[in-house]
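These notes concern the structure reproduced below.
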Ligand code: GLP
């Protein structure tokens, strides 16, 4: 049986602080934690807050190992759209994570084989300690697009039309979004010792409620969190409350 707690905060600024507290607590308890880190806009404030704490000498996670959650396929390493580049600018550099403590997803060669080896190695080392996740407009986690099996491994995926549209906001237009990606699978994510899902903005209202209150279903990948071990859903009020009811 899972343990899911919902923390509703006033706004994105408070979300950043409360999220940073949770990450800091994890690092204090286990400095060598193995942490999955997403891109996307929602966690950016949290990353900036951690960066500020680090600058002030109050936080150091340089002993942790950071795992990339997802990456587009079919673009070169210098492409402006790589999610690794985004993670580097927003998280790895500001937090001073040494290269030797960063694990990238496989993106080339025999991907099926490489992803299977990747999952085996992660599991062999005890899995992930903390997975920080954002919520896709269609309920995806990473790029685990619906419908997805709860045991889905790390693998290549084809992006849904909805994800291409939402990711288009990052890069200009939907045509700029690479159509294929690699993602850590639902199975290894759900096995993380602890999960922090960050959710912000009115656009996520319906999907966050489907995720935490709706039926657990392959149609809403984030609904599997209801059965995971230790999940904190950290959401701001604009995502959580019904904007119409609040008017
Ligand atoms: C993207 C990414 C996810 C991200 C999510 C939410 O498509 N694949 O890793 O967490 O959607 O993004 P945002 O925080 O910008 O809403």
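In our numbering, the protein residues as written are 1 to 247.
Each residue gets a CB set at the ideal place from its N, CA and C atoms; glycine is no exception.
These numbers were taken from a predicted model, which means no experiment stands behind them.
Whose CA, out of the options, lies closest to the CA of residue i?
i           : options           : result
residue 126 : 210, 112, 65      : 65
residue 101 : 137, 37, 43, 76   : 37
residue 190 : 225, 203, 76, 33  : 225
residue 96  : 69, 57, 119       : 57
residue 195 : 171, 39, 232, 167 : 232
residue 148 : 180, 6, 216       : 216
residue 87  : 183, 180, 223, 39 : 39
residue 122 : 103, 113, 138     : 103
residue 33  : 202, 210, 62, 119 : 62
residue 135 : 162, 85, 174      : 162
residue 333 : 81, 30, 124, 2    : In the structure displayed, the chain extends from 1 to 247; residue 333 sits before or after that span and is not available.
residue 171 : 31, 41, 30, 113   : 41
residue 67  : 128, 46, 205, 164 : 128
residue 201 : 236, 230, 214     : 236
What residues match up with residue i in a beta bridge as DSSP calls it?
i           : result
residue 156 : 182
residue 34  : 65
residue 197 : 133, 233
residue 72  : 181
residue 102 : 66
residue 144 : 141
residue 5   : 232
residue 217 : 220
When the distance is taken between beta carbons, is residue j closer than 8 Å to residue i?
i           : j           : result
residue 60  : residue 54  : yes
residue 185 : residue 154 : yes
residue 228 : residue 187 : no
residue 90  : residue 44  : yes
residue 221 : residue 159 : no
residue 212 : residue 4   : yes
residue 180 : residue 73  : yes
residue 197 : residue 15  : no
residue 50  : residue 23  : yes
residue 35  : residue 139 : no
residue 223 : residue 210 : yes
With residue i and residue j assumed to form a contact (beta carbons below 8 Å), what rounded beta-carbon distance in angstroms separates them?
i           : j           : result
residue 71  : residue 105 : 5 Å
residue 193 : residue 130 : 7 Å
residue 199 : residue 239 : 5 Å
residue 146 : residue 219 : 5 Å
residue 76  : residue 137 : The Cβ separation is near 28 Å, so there is no contact.
residue 182 : residue 115 : 7 Å
Given that a residue counts as buried once 16 or more other Cβ atoms are within 10 Å of its Cβ, and exposed if not, what is residue i?
i           : result
residue 13  : exposed
residue 246 : Any answer about residue 246 is weak, because its pLDDT of 48 lies below 50 and its placement is not dependable; what the coordinates show is given next. With fewer than 16 Cβ atoms within 10 Å of its Cβ, residue 246 is classed as exposed.
residue 99  : exposed
residue 144 : buried
residue 167 : buried
residue 10  : exposed
residue 157 : buried
residue 20  : buried
residue 26  : buried
residue 175 : exposed
residue 79  : exposed
Quick check: is any heavy atom of ligand 2 less than 7 Å from the C-beta of residue i?
i           : result
residue 154 : In the structure on display, ligand 2 does not appear, and the ligands it does have are ligand 1.
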